[in-house]
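Taking it in order: structure first as structure tokens, then the write-up.
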Amino acid sequence: MSFKHNYKFKDESERKNTLMEAAFDLAVNNGMDKVTVVDIVNLAETSRVTFYKYFDSVFDILWEIHRSILGEITIFLKDNIHGNNANEKIHSLIDLYKQLYLERFDDIRFTIFFDCYHTHRADDENYLDYIIYSYFYDELINEGLQDGSIKNNLSFRKKLAIQINAIWGLMQRLSVRKDHIQIETSYDAIEILEGLIENAHIILNIG
């Protein structure tokens, strides 16, 4: 079966993009622990020589895909928030997670597989630098302190961190267990996600 190239990834090298797309497809559908170089090159219809031209290992290609996904998500959130002040922008940001879940379901599924596949060390310099880049919420909090829409920096920052992680964690779980959760709770994935987002708005408005 020939792999359908949709050019999800945007590297200058078409061969590299095709390899990343193949690895992404295999990881999302089969789980990362089952992805091999042979499977990737067979799906991408290329050779191991080509693979090792761009990547050192399976982990190397999965890590690059993960970085690409987190980077695109960060850009999407930054580009689509709106509001007259920082507080309104943060509430706009919270609402964007539903759209993110609907439009990038497989990307979110990939991130939870990667989180389980690779436990990041707290002192991993490359990973830490990237997380600091992608976690841009402090920029909004600082903006809110300046425009007066946020009053208590430490209290609000903690609340925001909790809500963002709760929403992201739920989206990751829904990406692998949404049918099970519906059976368990009798509510579908979107209802549960909307409920958590609604609660986040309430909590961020308190105090």
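Everything in the sequence shown is counted per full-length UniProt numbering, starting at 1 for the first residue and increasing by one. Cβ atoms here follow ideal geometry from the backbone N, Cα and C, with glycine treated the same way.
Considering only their Cβ atoms, is the gap separating residue j from residue i smaller than 8 Å?
i, j, result
"isoleucine 197", "lysine 98", "yes"
"valine 176", "isoleucine 112", "yes"
"serine 47", "valine 41", "yes"
"glutamine 163", "isoleucine 94", "yes"
"aspartate 65", "phenylalanine 24", "Residue 65 is actually isoleucine in this sequence, not aspartate. Yes; because the gap between Cβ atoms is below 8 Å, this pair is in contact."
"methionine 171", "phenylalanine 114", "no"
"valine 49", "valine 35", "no"
"isoleucine 61", "phenylalanine 110", "no"
"leucine 174", "isoleucine 181", "yes"
Relative to the C-alpha of residue i, which candidate in the options has its C-alpha closest?
i, options, result
"tryptophan 63", "Met20, Asn84, Lys53 and Thr74", "Met20"
"tryptophan 168", "Gln146, Ile181 and Ala200", "Ala200"
"leucine 100", "Ile164, Ala189, His82 and Leu77", "Leu77"
"isoleucine 165", "His180, Glu139, Leu193 and Thr18", "Reading off the sequence, residue 165 comes out as asparagine, not isoleucine. The candidate whose alpha carbon is nearest that of asparagine 165 is Leu193."
"isoleucine 81", "Asn152, Leu43 and Phe136", "Phe136"
"histidine 91", "Ile141, Leu43 and Glu14", "Ile141"
"aspartate 56", "Glu45, Glu139, Lys16 and Ala44", "Lys16"
"leucine 96", "Phe110, Cys116, Ile75 and Glu14", "Ile75"
"glycine 71", "Asn152, Ile108 and Ile183", "Ile108"
"leucine 43", "Ala22, Ser155, Cys116 and Ser13", "Ala22"
"tyrosine 54", "Gly83, Ser13, Glu45 and Leu26", "Ser13"
"glycine 83", "Arg157, Asp147, Tyr187 and Ala161", "Asp147"
If you run the structure through DSSP and keep just helix, strand and coil, what is residue i?
i, result
"isoleucine 112", "helix"
"isoleucine 81", "coil"
"tyrosine 133", "Per-residue confidence for tyrosine 133 stands at a pLDDT of 48, beneath the threshold of 50, marking its modelled position as unreliable; no derived number is given."
"methionine 1", "Unreliable placement is indicated for methionine 1, whose pLDDT of 30 sits below 50; the coordinate value is still reported in the next sentence. Reduced to three states, the DSSP call for methionine 1 is coil."
"threonine 185", "helix"
"alanine 122", "Because alanine 122 carries a pLDDT of 47, less than 50, the predicted location of this residue cannot be relied on, and the following value inherits that uncertainty. In this structure, alanine 122 counts as coil in the three-state DSSP scheme."
"glutamate 198", "helix"
"glycine 31", "coil"
"residue 208", "Limits of the chain in this structure are 1 at one end and 207 at the other, which puts residue 208 out of reach."
"threonine 46", "coil"
"asparagine 87", "helix"
"phenylalanine 55", "coil"
"serine 13", "coil"
"arginine 104", "coil"
"threonine 18", "helix"
"threonine 36", "coil"
Would you mind giving the Cβ-Cβ distance between residue i and residue j, rounded to the nearest angstrom? I have them listed as a contact below 8 Å.
i, j, result
"isoleucine 203", "lysine 159", "6 Å"
"alanine 189", "isoleucine 150", "The Cβ separation is near 31 Å, so there is no contact."
Taking only beta-carbon positions, decide if residue i is within less than 8 Å of chain B.
i, result
"asparagine 165", "In the displayed structure, chain B is absent; only one protein chain is listed."
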